[in-house]
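Undergrad:
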Amino acid sequence: MVTPTESDKSTTSPPFTFALCLTPVFVALCGWAISHHEMWRDEWEFWLRARESQSISDLFFGPGLYMNHPKIWLAILHAASRFTHDPVAMQALHVFFAALAVFILARWGPFTRTEKCLFTLGYYPLFEYGVISRNYAIGLAGLFLVAAVYKTRRRSYIPLGVSIAVAASTNIHAAMILCCLILALSLELVLDPEIRRGARNRKLDVALGLSLMLGGIAFSVWQSLPPSDSFWARNNEVKFSLERTVSAVCLLWNAYVPLPALTIHSWWNTNITWDPTLPSWTTGGIALLTPVLLVPIVALLWGHPWLLTSWFAGTAGLVGFSFFRYWGSLRHHGHLFLLFFICLWLTREQERRKWNDELSSQFFQIADRHGRKIVAALLAVHVAAAGLALHFDRSRPFSEARRAAEWIEANGWRDRPIVASNDACCQGIAGWLSRKLYYPETDSLGTYPVWNGRDRWYIPDYEVLADVNRLLSGGNPEVLLVLNHELSVLDKRLAVAELARFTRSIVYNEMFFLYRVQHRNLW
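So in the numbering used here, spot 441 of the sequence shown is number 444, and the numbers just go up one at a time.
1) For the structure I just gave you, are there three or more beta carbon pairs, one from the stretch 386 to 393 and one from the stretch 439 to 446, closer than 8 Å?
2) Should His338 and Ile180 be called a contact, given that it needs their Cβ atoms to be closer than 8 Å?
3) Going by DSSP in three states, Arg158 sits in which element: helix, strand or coil?
4) Just curious, the beta strand (DSSP E) that His81 is in, first and last residue?
5) How many angstroms separate the CA atom of Trp111 from the CA atom of Ala151?
6) One question on the structure: do Pro420 and Val467 come within less than 8 Å of each other, judged by their Cβ atoms?
7) Buried or exposed for Phe516, going by 16 or more other Cβ atoms inside 10 Å?
8) Per DSSP, what are the beta-bridge partners of Asn455 in this structure?
9) May I ask you to report which of helix, strand or coil DSSP gives Phe516?
10) So who's on the other strand from Phe505, going by DSSP bridges?
11) Considering just the uninterrupted stretch of the alpha helix (DSSP H) at Leu146, what are its terminal residues?
12) Using DSSP with H/G/I as helix, E/B as strand and the rest coil, what is Leu497?
13) State the DSSP-derived secondary structure class of Gly478, mapped to helix, strand or coil.
14) My output table needs one value for Leu265: the three-state DSSP class, helix, strand or coil.
15) Buried or exposed: where does Glu513 fall if 16 or more other Cβ atoms within 10 Å of its Cβ makes it buried?
16) My output table needs one value for Gln353: the three-state DSSP class, helix, strand or coil.
17) With C-beta atoms as the reference, is Gly331 less than 8 Å away from Ser325?
18) Does DSSP classify Val422 as helix, strand or coil?
19) Throw me the rounded Cβ distance for the Ile175 and Pro73 pair, which I believe falls under 8 Å.
20) Going by alpha carbons, who is nearest to Val260 out of Thr293, Ala236 and Ile198?
21) Return the residue from the list Tyr69, Asn71 and Gln94 that minimises the CA-CA distance to Ile79.
22) Considering only residues of the stretch 40 to 72, which uninterrupted alpha helix (DSSP H) runs meet the minimum length of 4 residues and lie entirely inside it, listed in chain order?
23) Looking at Arg137 and Phe243, is the spacing between their C-beta atoms short of 8 Å?
24) For Ser491, which residues in the same chain have their Cβ closer than 7 Å to its Cβ, ignoring the five residues on either side in sequence?
25) In whole angstroms, give me the CA-to-CA distance for Pro7 and Glu352.
26) Ordered along the chain, which non-local residues of its own chain (more than five positions away) have a Cβ less than 8 Å from that of Leu255?
27) Does DSSP put Ser172 in a helix, in a strand, or in coil?
28) Can you tell me whether Ser364 is helix, strand or coil according to DSSP?
29) Assign Ala22 to buried or exposed, taking buried as 16 or more other Cβ atoms, counted over all protein chains shown, within 10 Å of its Cβ.
30) Count the other C-beta atoms from every protein chain shown that fall within 10 angstroms of the C-beta of Gly456, then say buried if there are 16 or more, exposed otherwise.
31) For Asp418 and Phe505, what's the separation of their Cα atoms in angstroms?
32) Identify which residue in Gly145, Ser233 and Ala83 has its Cα closest to the Cα of Phe106.
33) For Trp416, collect the residues of the same chain with a Cβ closer than 7 Å to its Cβ; drop the 5 residues on either side in sequence, then sort them by chain order.
34) Would you kindly work out how many angstroms separate the C-alpha atoms of Ile220 and Leu213, rounded to a whole number?
35) So is Leu436 buried or exposed if we call it buried at 16+ other beta carbons inside 10 Å?
36) Out of Leu493, Arg406, Pro400 and Ser424, which one is the CA nearest neighbour of Ile509?
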């Protein structure tokens, strides 16, 4: 073992005042961006389920059961919804947890001030986990809390156990990262003589701490498993193909270099290397940079075998989860970068193990000479990606649900029969109108989508029109039909007139087409 380098010594935590300065800057920028952001369906689903649940038990055994997420974020939103039904409350809470993550990093993270500022203004904390209100900001705060208390394991494993148990209940991807940290702790306990000797003198403390960790992970997994009648349990077939396999390998590049394609308005969840306007051979060639990216990453972690092993295991686990269970989007894949950032955080607080072979010497040289430049370059790319995301979100509606709801309200349709399809994509309209819509997917009135007892995401337009016809036959003179796509078929019994369309949304399937439907006069 060797003592930290002079470079390592220079990264001690900045004064408390630095954290108090950086955090308000983040809050101001994030708050400004949220004020220009139109909530999309995933944000609305959390808020609507929390708002309409009658009790905490409903979140675990009622409406929240089918969300396939740990429930701590839902429980917080449920409590907030007892005071107000305005979704701004959710956005305010979300900014609070994102700011908490920034404060923990700024106060206790072993990074330079430049690195902390770059990370704070980067794509994931500022846009993906800051502006978009999901359960990832609270997960980021939980992960940083775990990293901050990691060093206390030499005195007691209980604070670390409690923080891991809490953080694991934020989202399943955070729980997977925490599994990697538990692996590092276990390897350290078994293979590091100094840690092993210290643990022998406090066996009860170690046992209790590890029990809390494993219990928290188990509880998170239990909350995330879909019931057998869930849509998400029935639609999980893995289709092996060369394209899917190559895409899985490239997830690492997409997560570490999250620059979006600039030539399409639906830029979200794209990568500049997969720009559809580029020739396929160019895209494939750039994607081959993924193995090149691994070299400096491994070099930065090389002197810390337990963390390097955990990083490899976690990377394989996160990619495997995407391949076999749920492919996800950039907000999910971003946890690959968070895994690296957490591991890097912990390496800077530990002594580095020296290896005498030539390969190790080369890796150490890369880490010592270029490590901070590599990290700064990656973080600078993230800042550029965040700037692009904020610009695009400011320039175009993220979702057209709000504008569609405002049109419905202004034109007197709010309290009249409304049929909406697809239910998942149209729930934002129900949220803004604060009323239930008729969803053909479930043949019922609702706000958020119901995922139990169904096996389809979309239903054909002819089935939607059949439901509209049935409502008209029940005594309604006309019905407003809301679709997230242009109507593709007609029914000779129905007179359909397009009233409005809203097609500028960044989320490609949250464009909306509004039609007035009446019975056709056949006489």
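Positions of the beta carbon are idealized from the N, C-alpha and C atoms, including for glycine.
TA: In this structure, then:
1) As far as the Cβ criterion goes, the stretch 386 to 393 does not touch the stretch 439 to 446, which means the pair count is below three.
2) Here residue 338 corresponds to residue number 335 of the sequence shown, with the count starting at 1. Here residue 180 corresponds to residue number 177 of the sequence shown, with the count starting at 1. Ile180 sits close to His338, with the two beta carbons spaced by under 8 Å.
3) On the sequence shown, residue 158 is found 155 positions in, with the first residue counted as 1. Note: Arg158 maps to coil in three-state DSSP.
4) Your numbering for residue 81 matches position 78 in the sequence shown. Residue range Ile75 to Ser84 is occupied by the alpha helix (DSSP H) that includes His81, with no beta strand (DSSP E) assigned at that position.
5) Your numbering for residue 111 matches position 108 in the sequence shown. Your numbering for residue 151 matches position 148 in the sequence shown. Trp111 and Ala151 have their alpha carbons spaced roughly 6 Å apart.
6) In the sequence shown, counting from the first residue as 1, residue 420 sits at position 417. In the sequence shown, counting from the first residue as 1, residue 467 sits at position 464. Against a cut-off of 8 Å, the Cβ pair of Val467 and Pro420 comes out as no contact.
7) Here residue 516 refers to the residue found at position 513 when the sequence shown is read from its first residue. Burial call: buried.
8) Position 452 of the sequence shown, counted from the start, is the residue given in the question as residue 455. As computed with DSSP, Asn455 is found in a beta bridge with Ser233.
9) In the sequence shown, residue 516 corresponds to position 513, counting from 1. Residue state, collapsed to three classes: strand.
10) On the sequence shown, residue 505 is found 502 positions in, with the first residue counted as 1. DSSP output for Phe505 lists Phe515 as bridge partner(s).
11) The residue labelled residue 146 in the question sits at position 143 within the sequence shown. Where Leu146 is concerned, the enclosing alpha helix (DSSP H) stretches over Ala140 to Val152.
12) Stepping through the sequence shown from its first residue, residue 497 is reached at position 494. Strand, per DSSP.
13) Mapped onto the sequence shown, residue 478 falls at position 475. Gly478: coil per DSSP, three-state reduction.
14) Within the sequence shown, residue 265 is the residue found at index 262, counting from 1. The answer is coil: DSSP assigns Leu265 none of H, G, I, E or B.
15) As a first step, residue 513 is located in the sequence shown; it is residue number 510 there, counting from the start. Looking at its Cβ environment, which holds 16 or more other Cβ atoms inside 10 Å, Glu513 is buried.
16) Position 350 of the sequence shown, counted from the start, is the residue given in the question as residue 353. Here Gln353 sits in coil by DSSP.
17) Mapped onto the sequence shown, residue 331 falls at position 328. Mapped onto the sequence shown, residue 325 falls at position 322. Yes, they are a contact pair.
18) What you label residue 422 is simply residue 419 of the sequence shown in a count that begins at 1. Residue state, collapsed to three classes: strand.
19) Indexing the sequence shown from 1 puts residue 175 at position 172. Indexing the sequence shown from 1 puts residue 73 at position 70. With a Cβ gap of about 7 Å, Ile175 and Pro73 count as contacting.
20) Here residue 260 corresponds to residue number 257 of the sequence shown, with the count starting at 1. For Val260, the nearest C-alpha among the options comes from Thr293.
21) The residue given as residue 79 occupies position 76 in the sequence shown. Among Tyr69, Asn71 and Gln94, the Cα nearest to that of Ile79 is on Gln94.
22) Listed in chain order, the complete alpha helix (DSSP H) runs (minimum 4 residues) inside the stretch 40 to 72 are 44 to 55 and 59 to 64.
23) Numbered from its first residue, the sequence shown carries residue 243 at position 240. Numbered from its first residue, the sequence shown carries residue 137 at position 134. Remark: C-beta atoms of Phe243 and Arg137 do not approach each other more closely than 8 Å.
24) By one-based count along the sequence shown, residue 491 stands at place 488. Counting only Cβ-Cβ distances below 7 Å, and skipping sequence neighbours, we find Asp464.
25) The residue labelled residue 7 in the question sits at position 4 within the sequence shown. The residue labelled residue 352 in the question sits at position 349 within the sequence shown. With a pLDDT of 41 at Pro7, under the threshold of 50, the predicted position of this residue should be treated as unreliable, though the coordinate-derived value follows. Each residue's alpha carbon lies about 9 Å from the other.
26) Residue numbering aside, residue 255 sits at position 252 when the sequence shown is read from its first letter. Cβ neighbours of Leu255 beyond the five flanking positions: Thr293, Leu296, Leu297, Thr318, Val322 and Leu339.
27) Here residue 172 corresponds to residue number 169 of the sequence shown, with the count starting at 1. Coil at Ser172, not helix or strand.
28) Here residue 364 is taken as the residue at index 361 of the sequence shown, counted from 1. Correct three-state label for Ser364: helix.
29) Against the sequence shown, residue 22 aligns to sequence position 19. In the assembly as shown, Ala22 is a buried residue. Its beta-carbon has 16 or more other beta-carbons within 10 Å.
30) In the sequence shown, the residue the question calls residue 456 occupies position 453. A residue is called buried once 16 or more other Cβ atoms fall within 10 Å of its Cβ, and Gly456, having fewer, is exposed.
31) As a working mapping, residue 418 is identified with position 415 in the sequence shown. As a working mapping, residue 505 is identified with position 502 in the sequence shown. Rounded to whole angstroms, Asp418 to Phe505 spans 21 Å at the Cα level.
32) As a first step, residue 106 is located in the sequence shown; it is residue number 103 there, counting from the start. When each option's Cα is compared against that of Phe106, the closest is Gly145.
33) Your numbering for residue 416 matches position 413 in the sequence shown. Closer than 7 Å at the Cβ level, and outside the excluded window around Trp416, lie Leu483.
34) Counting from 1 along the sequence shown, the entry for residue 220 is found at position 217. Counting from 1 along the sequence shown, the entry for residue 213 is found at position 210. Taking the straight line joining both Cα atoms gives about 11 Å.
35) If you number the sequence shown from 1, residue 436 lands on position 433. Buried is the call here.
36) Your numbering for residue 509 matches position 506 in the sequence shown. Nearest option by C-alpha distance: Pro400.
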